[in-house]
Amino acid sequence: MSEIVIYTIVTVSAIGILAAIILYFAAKKFHVVEDPRIDDIEEALPSANCGGCGYPGCRNFAEACVKAENLADLFCPVGGNDVMKDVAGILGQEAIEKAAQVAVIRCSGSFEYRPRTNNYDGAVNCTVAANLYSGDTGCQYGCLGLGECVDACTFDAMYMDEKTGLPVVIQDQCTACGDCVRACPKDIIELRNQGKKDRRIFVSCINEDKGGVAKKNCSVACIGCTKCEKVCNYDAIKIENFLAYIDFTKCVLCRKCIAVCPTDAIHETNFPLRRIKSPVEKKTVVKEKAVVTDNPDLVNIAKKKQESNDNEAESKDKE
Amino acid sequence: MLKTFSRGGVHPPENKLSAVQTIEQLALPKMVTIPISQHIGAPSTPIVKKNDLVKVGQIIAKSSGFVSANIHSSVSGKVIKIDSVMDSSGYKKQSIIIQVDGDEWEESINRDPQLIKEINLSSEEIIKKVGDAGIVGLGGATFPSQVKLSVPKGMTAEILIINGVECEPYLTADHRLMLEKGDELMVGTKILMKALNVSKAVIGIENNKRDAIEHLTSLSSNYEGITIQALKVQYPQGGEKQLIKAVINREVPSGGLPIAVGAVVHNVGTAYAVYEAIQKNKPLFERIVTVTGKSVKNPANYLARVGTSLTELIEASGGLPEDTGKVISGGPMMGKALNTIDIPMTKGTSGVLIIPVGESRRGVVQDCIRCAKCVSVCPMGLEPYLLMTVSEQQNYERTESERAMDCIECGSCSYTCPSNRPLLDYIRLGKAEVGAIIRSRKA
Amino acid sequence: MSKLLTVSPSPHNYGKDTIKSLMYGVLIALIPTTVVSLYFFGLGALIVILTSVFSALIFEYLITKYILKKEPSLLDGSAIITGLLLAFNVPSNLPIIIIIIGALVAIGVAKMSFGGLGNNPFNPALVGRVFLLISFPVQMTSWPVPVQSRMQYLDAVTGATPLGLMKEGLRNGEPVSDLMTQIPNNMQMFIGNMGGSLGEVAGIAILLGLVWMLYKKVITWHIPVSMIGTIIILTGIFWLINPDKYADPVFHVLTGGVLLGAVFMATDYVTSPMTTKGMLIFGTGIGLLTVVIRLFGAYPEGVSFAILIMNAFVPLINIYVKPKRFGEVIKNG
Amino acid sequence: MASKTESTFRNMLLALFVVSFISATTLGYVYEFTKEPIAIAKLKKKIAAIKKVVPEFTNDPNADMYKIASDIKGDTLEFYPAYKDSELVGTAIKTFSDLGFTKRIYLMVGFLADGTIHNISVLEHAETPGLGDKMDKKKSKWSEQFNGKNPANYKLIVSKDGGDVDAITAATISSRAYTDAVDRAYKAFIENKK
Amino acid sequence: MSKLTILTKGIIKENAVFVLFLGLCPTLGTTTSAINGLAMGLATTFVLVMSNIVVSMVKSLIPDKVRIPAFIVIIATFVTVVELTMQAFLPDLFEVLGLFIPLIVVNCVILGRAEAFASKNNVFDSVLDGLGMGLGFAFALTVLGGIREILGSGALFGFSFMEGDGMLIFVLAPGAFIVLGYLIAISNKINKA
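See the structure below:
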């Protein structure tokens, strides 16, 4: 063994030992006590950072989980029961099952059912439009159709149907994080229980006008006729301010109310297709009659929307 | 060099089509719809019921707070219902609907056109009476006037500025008022001076109203303490802060009121209403409205009763033109676009502007080319492009720190933008959100 | 009512300015410079300008349509300006293929990669020019001598620019006064009778353009004035200290790309600051860097680099330099 | 996960020590093993450079190498005399210049006995690719203009500065540095000839 | 994860350069020609595979707190071995790459894979991972070098196909950034589609 080999071994080993000593004391000195379970929980979470749980990010939620006495008030809507079971397992607690939810659009006032009364020409943004006036139809509760909910969706679970001018939820992708609910200035979107076999019944309208006014402005509006309330045997339907609301915790999906609704305002989604069935599909005959796509204003809005989307994407890219 | 404010501003085409039309009394309508919220602040409380009979000038809704105003019937007749009716906001609001029956005025109102110059009331009495008469700022902001006249403790008013700028294109209501009711305006100004206890008043008028300037200047020799100041034509000189800067070269601090620099600003229309309320006992129930537009048959200035449907005003000017694209309540820069003309005029309706189809649409929105024109025209020294971006990104913290709340919504930025960007739309959105944040912070 | 009313937030009055009108304002301001360059560099200038403008337009069209998948807006004038300015920044005997590469870099790399008009951090024409300068140093630094109405293109007689002569001479220790005899006098330089890039040579034509743009309110005075002012002051100081080693301020302003840069390049909307205060800082910074590069750097000319460097600072300037706001409360007053 | 060693002091020390020890040992042996080939490779390269610039020789110029102090303090020029059958056929001089665009350039200049330049090769440079790097024979034939010239009647200054050397287009600075290095070698050669 | 995915993911899906943005210093510095890029990539691959093997073998013996220093020592050893070997037997290549070889030590691709993969997986998987990642890295460097060589010198793997000079900027550092930027854009497009 030549000198240089020995020399190498001595110096390198010495450096190694020195480093170990320094590291040991450094580790001791700067030791931070952090509950390792926070990391474990964070790993279990979907890390979408969507804010659906009410906390700014997944890590904050994980911290809250560790701190909380029980998990009753904490729920990750994206991960659902499976993730919460994992989280509960890490914390050694009992998981509390919650029914899976999905967003539904409570407005069916597509172009054919809800005549326009004016043209909107401002910024393509629902909140801007909502601050300005009641919308481009006679119904001041209905969807403005500018797609802020679609922009807000983190999971690409929504799109604007250009034929109806209404947003559509892709149920498979919806995680019920609630971003769209918060984004909608008209409070049209609701999170409802997914229901057995994805079957749901809900009133697709939030119009609180009197029956006649509502009907005049939109042919599929709830007119508050109370027929459904009367026919419901389970006390699930309540009418307030000329508007019916079906409590999904009480509804047993008997579909009696659908049959009696004179304006088709109550929607059922119960096909194995697992899609929200829009009234357009239900009445194919009407659909053929409606000529809406060549309305120049619609095309304009769609175009503007596209442009502003592009701009947004660019500005995001820049950052 | 004529005086003007120091920063920013634009000069849109003036289009004062109705400047030579004398004020016409509009025929009584068959029915009026009087919204109970015609001013900034709390809506008034109706004090009449269905089927009540009311006279012209009778109080029908009472002020419901410090910042609120009384509302008087503008016609005589029967209340047929109190219902929610679409108003210029585009939303349905509570309104009192009165079927007109004759034209019977309250006896206390002096209908004699004779000018009364002597002011017999004390300062407090004037302020109270202004409040009772339901007078609000008639320039368009509709801020209750008695609030402005009540100088807060610890501050003193030094100067009264009467706003005769009318910087909005098209509108001529104030212009005609200054020409035709000059003396009444002067007396109204004196009354306001007395109420505020100031010895100096300046009437600021833009230089495109030479006749009004000359007329009032010749009158001013009869009224001590009132001077007329001609101003360079520059929008938005009618904004309170800009007008104060232009006339007395003082800057109202950010977030502060004009009284912080010792100034109180009232519109010429308000001064005239004050004259009528104090000297003639006549509450505010009618005002001058300009009906104008490039394709309108007879652009005109009407003296019309509050609650008259805009349809009737437009009919009087020759009806809605064929090529109507947009109907605006107010001027083209700050007015509100209407989604129907079947709405009532209110105390704040200074004009009805009909814009033909060709000029009614905005251009296609393009990317910002960072030309900085919005920054250079902003009269408040803000950066509109930035405010738009941050409120679009919902970064409201930044929106606030970039002082969105200073924005006076004059629209100069959107007007000047070569890329047709909806700057003000988003700034307004940001302001609304920031306002909500500030309120929740205080609560 | 037969037709529906249009509803939008205020204002309802829209100004006459459009991107197109502003861009054409710049194009009109570029006419005198174009004319002078055609006069002094003849056929070469014509070929360079046409190639540059057309290839800029073609690249803009192809990239917007097939890569960004947007509706191409060729006629808004911005691509024409980029093409023209690129042509003004190269010698008149540059081979066509190099010009096309320059236009591709200017439009494709510097502009479209960032999302098109309004989003590019650097001036596209200058990026194109610097790219060419680094890539093809030989071709980019052989300047044809100006001969009136000359019809040669590639085989033109070349010579050095006044700045190049000055730098070379000073390096060899020759005094400024000797060197001054080798270069055209100030008046000749002002009307453009010297070697250099197409658009750089004629100060008078550029100033005509400036006057037009100021009159039409296409640009404000802040950037050109602060930039040229800084150069005059700084070179003036050095000149006063040692007139043998440093040329006089008039020489520095009239030669190279100072005027072209100050009037047409630095004032590019997209890549200059938003506030007037920011513009003054921006212009001063360019002036400072130009002088530093010219007097102490390796290159004889530094305007392009100075502008590009300051372009990079624009976002920072925009963040920290705020306009004087109305009613600003001065604290601790 | 399999049971992981705890982070105790003993374990940390041991782990790092063992790792460093093994590494050091490996490195030591690899060094030993490669020492000779590396030296040979280096020498080969030098000889190749010398071979390029002087006529055929039979001796080992590396062994006969001697150093001469240069005009710049602390720096030396390396002289590699080449003998063919004990007759001096030329001298290769490793020379340098600091006038380059970036850092110092190194050349190997070969002189015949009478001072005529036989050939030059570039040992090290960091000039701009495409411009200054044309001094390298691999890139351009520029440097061949020196071959066969005797600096006694060939002014080793670039033509722009009044000499006989044509500069590389648009790379006057690099050309100057190159010429300067050759000039330095020539002056040292002449001085030491006596 | 199947063995095949472990091997192939590093080439496109998780390409160290185009997707993970690791080891950009040698990427930008050495890729003036395709051959340089390839050589650097292969040298890195060798170190990567070897260090992955050793790290995955000793993973349970090394306490957590000294994990990084230990890995670095292991990596540094292999790098030095490569350096010395290259110097001895491939002196021409060493002349070009010599400056960058020691940089392999701090190439985050290697430490990153040791930390993220080898310290958690068995020896065979680690070899596959190292091989895949290394080949991906070599692929990226070769492509980058090739494009720069074509544009900058009008040649590929040293075979010139163009008269005169190329665009110099591509041989210089700015060109490396520009080409890398566009390659990353293309790779994003491919990976997202």
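Chains as they are written, first to last, in the numbering used here: chain D, 3 to 321; chain F, 368 to 810; chain A, 256 to 588; chain R, 415 to 608; chain P, 2 to 194. Beta carbons: idealized from backbone N, C-alpha and C, even for Gly. Predicted, not measured: the structure shown is a model, and the values here were computed from it.
- Task: For GLY18/D, return the contacting residues in chain P, with the cut-off set at a CB-CB distance below 8 Å.
- Result: In chain order: PRO70 and VAL74.
- Message: I'd like the list of long-range same chain contacts for ILE593/F, defined as Cβ closer than 6 Å, with 5 residues on each side in sequence excluded.
- Response: Within the same chain, THR556, ALA568 and SER587 come within 6 Å of ILE593/F by CB-CB distance, once the 5 residues on both sides are set aside.
- Is the Cβ-Cβ distance between PHE314/A and MET168/P less than 9 Å? No, Cβ-Cβ distance for PHE314/A and MET168/P is not below 9 Å.
- Buried/exposed call for PRO430/A, threshold 16 Cβ in 10 Å: With fewer than 16 other Cβ atoms from the protein chains shown falling within 10 Å of its own Cβ, PRO430/A counts as exposed.
- Query: Unbroken beta strand (DSSP E) runs of length 3 or more, entirely within the region 489–541 of chain F: which are they?
  - Reply: Listed in chain order, the complete beta strand (DSSP E) runs (minimum 3 residues) inside the region 489–541 of chain F are 526–531.
- Message: Within the continuous alpha helix (DSSP H) that includes GLN394/A, where are the two ends?
- Response: For GLN394/A, the enclosing alpha helix (DSSP H) begins and ends at 392–395.
- Task: Could you please tell me which residues of the region 38–70 of chain P, in chain order, have their CB closer than 7 Å to any CB of chain R?
- Result: Correct list: SER61, LEU62, ILE63, PRO64, ASP65, LYS66, VAL67 and PRO70.
- Stretch pair the region 490–506 of chain R + the region 555–566 of chain R: three plus CB contacts closer than 8 Å: Two segments are said to touch when three or more pairs of C-beta atoms, one from each, lie closer than 8 Å; by this definition the region 490–506 of chain R does not touch the region 555–566 of chain R.
- Leaving out the 5 sequence neighbours to the left and right, which residues in its chain are closer than 7 Å to LEU610/F when beta-carbon positions are compared? Counting only Cβ-Cβ distances below 7 Å, and skipping sequence neighbours, we find ILE528, ASN530, VAL532, GLY571, GLN604 and VAL632.
- Within this structure, are the beta carbons of ALA627/F and PRO620/F separated by less than 9 Å? Against a cut-off of 9 Å, the Cβ pair of PRO620/F and ALA627/F comes out as a contact.
- Got a sec: is the Cβ-Cβ distance from TYR143/D to anything in chain A below 9 Å? No, TYR143/D does not count as interfacial toward chain A.
- Query: Do the CB positions of TYR57/D and VAL262/A come within less than 9 Å of each other?
  - Reply: Not a contact, by the Cβ cut-off of 9 Å.
- Query: Measuring CB to CB, does SER373/F end up less than 9 Å from ALA409/F?
  - Reply: No, they are not a contact pair.
- Task: Starting from the beta carbon of THR170/P, find every residue of chain A whose beta carbon is closer than 8 Å, and list them in chain order.
- Result: Per the sequence shown, residue 170/P should be read as Ile rather than Thr. Here the neighbours are PHE386, ILE389 and SER390.
- Residue-level contact to chain A via CB, ASN648/F, 9 Å cutoff: For ASN648/F, the answer is no, since every Cβ of chain A falls outside 9 Å of its Cβ.
- Query: What do you get for LEU515/A, buried or exposed, if any count of 16 or more other CB atoms within 10 angstroms of its CB means buried?
  - Reply: It counts as buried.
- Task: Could you pull out every residue in the same chain whose Cβ sits closer than 8 Å to the Cβ of GLY529/R, ignoring the five residues on either side in sequence?
- Result: Leaving aside the five residues that flank GLY529/R on each side, the residues in its chain whose CB is nearer than 8 Å to its CB run, in chain order, ASN564, PRO565, ALA566, TYR600, PHE603, ILE604 and LYS607.
- Message: Below 7 Å on C-beta distance, what does ARG729/F contact in chain D?
- Response: Taking a Cβ-Cβ threshold of 7 Å, the residues of chain D close to ARG729/F are ASP123, in chain order.
- By the 10 Å Cβ neighbour count, where 16 or more other Cβ atoms means buried, how is LEU495/A classified, buried or exposed? The residue is exposed, with fewer than 16 neighbouring Cβ atoms inside 10 Å.
- Message: For chain R, check one thing: does any of its Cβ atoms lie closer than 9 Å to the Cβ of LEU76/D?
- Response: For LEU76/D, the answer is no, since every Cβ of chain R falls outside 9 Å of its Cβ.
- Beta-carbon of GLU326/A versus every beta-carbon of chain R: anything under 9 Å? Judged by the 9 Å Cβ criterion, GLU326/A is not in contact with chain R.
- Query: In chain A, which residues lie less than 7 Å from ILE179/P when you measure between Cβ atoms?
  - Reply: By Cβ distance, chain A contributes VAL364.
- Cα-Cα separation, ASP200/D to VAL59/P: Roughly 51 Å separates the two Cα atoms.
- Message: Suppose you measure from the CA of ILE587/R to the CA of PRO350/A; what does that come to, to the nearest Å?
- Response: Taking the straight line from one Cα to the other gives about 25 Å.
- Who pairs with VAL324/D in a beta bridge, going by DSSP? The shown model of chain D, from 3 to 321, leaves out residue 324/D, and the question about it has no answer.
- Query: Between VAL673/F and LYS714/F, is the Cβ-Cβ spacing less than 9 Å?
  - Reply: Going by C-beta atoms, VAL673/F is nearer than 9 Å to LYS714/F.
- Task: Give the residues from the region 450–461 of chain R that approach chain P closer than 7 Å (Cβ to any Cβ), ordered along the chain.
- Result: Correct list: PRO451, ILE452, ALA455 and LYS459.
- Neighbourhood of VAL180/P by C-beta, 7 Å cutoff - its chain only, sequence neighbours within 5 removed: The residues LEU145, ILE148, ARG149 and PHE171, in chain order, have a CB closer than 7 Å to that of VAL180/P in the same chain once the five nearest residues on each side in sequence are set aside.
- What does LEU145/P touch in chain A if you count any residue whose Cβ is under 9 Å from its own? Simply none; closest approach about 17 Å.
- Spatial distance of SER451/F from PRO413/F (CA atoms): The straight-line gap separating the alpha-carbon atoms of SER451/F and PRO413/F is approximately 13 Å.
- Query: How would you list, in chain order, the residues of chain A whose beta-carbon sits under 8 Å from the beta-carbon of LEU173/P?
  - Reply: Against chain A, a Cβ distance below 8 Å from LEU173/P picks out ILE389.
- Query: How about GLY30/P: is its C-beta nearer than 9 Å to some C-beta of chain A?
  - Reply: By this cut-off, GLY30/P is not an interface position.
- Query: Three or more C-beta pairs closer than 8 Å, one from the region 236–248 of chain D and one from the region 196–211 of chain D: is that the case here?
  - Reply: Touching, yes.
- Message: Distance cutoff 9 Å, beta carbons only. Does ASP138/D sit that close to anything in chain F?
- Response: Closer than 9 Å to some Cβ of chain F, the Cβ of ASP138/D qualifies, so yes.
- Taking 9 Å as the CB-CB cut-off, is ASN344/A touching chain R? No, because no Cβ of chain R sits closer than 9 Å to the Cβ of ASN344/A.
- Message: Taking the alpha carbon of PHE423/R as the reference point, which residue from VAL14/D, ILE23/D and ALA16/D has its own alpha carbon closest?
- Response: Nearest C-alpha to PHE423/R: ILE23/D.
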